[in-house]
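Residue numbers for the sequence shown follow the working numbering, so the first one is 19 and each next one is one higher.
Glycine included, each C-beta is placed from N, C-alpha and C at the ideal position.
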Amino acid sequence: MTVCHTCSQTGVSYELKRSKRKTVSIKIGASGQVIVFAPNRLAIKEIEGILDQKSHWIHEKKEKMISRQNLYHKRSFEENELFFFLGEAYPLKWEADLQERSKIIFADRTFYYRGERKKPNIQQALIRFYKSEGTKVIKSKVEKHRSFFQNHPNQVKAKEQKSIWGSCTGTNNLYFNWRLLMAPQWVLEYVILHEMTHLDHKNHSKHFWTKLESVCPDYREAKGWLAENGFLLDLENQAVKKII
Numbered sequence: 019m020t021v022c023h024t025c026s027q028t029g030v031s032y033e034l035k036r037s038k039r040k041t042v043s044i045k046i047g048a049s050g051q052v053i054v055f056a057p058n059r060l061a062i063k064e065i066e067g068i069l070d071q072k073s074h075w076i077h078e079k080k081e082k083m084i085s086r087q088n089l090y091h092k093r094s095f096e097e098n099e100l101f102f103f104l105g106e107a108y109p110l111k112w113e114a115d116l117q118e119r120s121k122i123i124f125a126d127r128t129f130y131y132r133g134e135r136k137k138p139n140i141q142q143a144l145i146r147f148y149k150s151e152g153t154k155v156i157k158s159k160v161e162k163h164r165s166f167f168q169n170h171p172n173q174v175k176a177k178e179q180k181s182i183w184g185s186c187t188g189t190n191n192l193y194f195n196w197r198l199l200m201a202p203q204w205v206l207e208y209v210i211l212h213e214m215t216h217l218d219h220k221n222h223s224k225h226f227w228t229k230l231e232s233v234c235p236d237y238r239e240a241k242g243w244l245a246e247n248g249f250l251l252d253l254e255n256q257a258v259k260k261i262i
């Protein structure tokens, strides 16, 4: 259940979402709204005490999220609109409608769309493209780097991962956020090598970071790029300038 409140101590308006969780978490939304996730029975006074403690952090995050809105605009999913693939922008073009499932074909530095020209159809076709083509691209890069690691992955796949860029399971399956296929190749390489390092080192120990730096010397720059620009890897919003 979501309820809107205004903090009596700071004057900050926030959305309160209660659940069976045990801790309080604060999130700043894309438009600068404050969202608080809290345990069902935690008193408002305690929640707002936490908001007061975090007031400086909240203010900084709100300002940052609001300023980001100038860096992109909403997509219309129309012909000639630009979409990113491996860090480069390419136009979307229509092909003759066919009686088949909507699909994207990437050729001649162009996204060709076949299917009904409705936003949800185009969007889903693009997502399917990023997942399928992304899996091929990532598998190729994993194969290129596999000699640097003792353990090898059982499965490699680009898939939906809303809050993380990549993961390595206990059974050595490597999964990657399909949105990474919009990022520059050197950033994609970093995430791939980060997860491949987890094949040999399951946690973020000193050995993990030493190994990662040996195979990806610029990992700090790539990690910083994602922290600053990751929000631009999005189908709904189009960056107003080149993101590389």
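- In terms of CA proximity to N172, T187 leads the group T187, E178, K224.
- Beta-bridge pairing by DSSP links L69 to no other residue.
- Distance from the Cα of I65 is smallest, within the candidate group T28, E151, E81, N139, for T28.
- Membership of Q203 in any beta strand (DSSP E) is not indicated; the residue belongs instead to the alpha helix (DSSP H) covering 203-218.
- Taking all protein chains in view, the Cβ of P202 is crowded by 16 or more other Cβ atoms within 10 Å, so the residue is classified as buried.
- Looking at the DSSP output, N195 shares a beta bridge with K177.
- The criterion of a C-beta distance shorter than 8 Å is not satisfied by A125 and T153.
- Judged by DSSP in its simplified three-state form, R86 adopts helix.
- The shortest CA-to-CA distance from S85 to any of S31, E254, N247, K111 is the one to N247.
- Assignment of R164 by DSSP, reduced to helix, strand and coil, places it in the helix class.
- Here DSSP, grouped into helix, strand and coil, assigns H222 to coil.
- Annotated three-state conformation of W183 is coil, per DSSP.
- Rounded to whole angstroms, the separation of the alpha carbons of I156 and N221 is 22 Å.
- For R36, the enclosing beta strand (DSSP E) stretches over residues 31-37.
- In the displayed model, R132 falls within a strand according to three-state DSSP.
- At the C-beta level, K149 and W196 come within 8 Å of one another.
- With a cutoff of 8 Å on beta-carbon distance, F194 and V205 are scored as not near each other.
- Here C234 is buried, its C-beta having at least 16 other C-beta atoms within 10 Å.
- Nearest to K180 by C-alpha distance, out of I140, L253, G50, is L253.
- Per the C-alpha coordinates, the member of F147, E118, T228, C25 positioned closest to F101 is F147.
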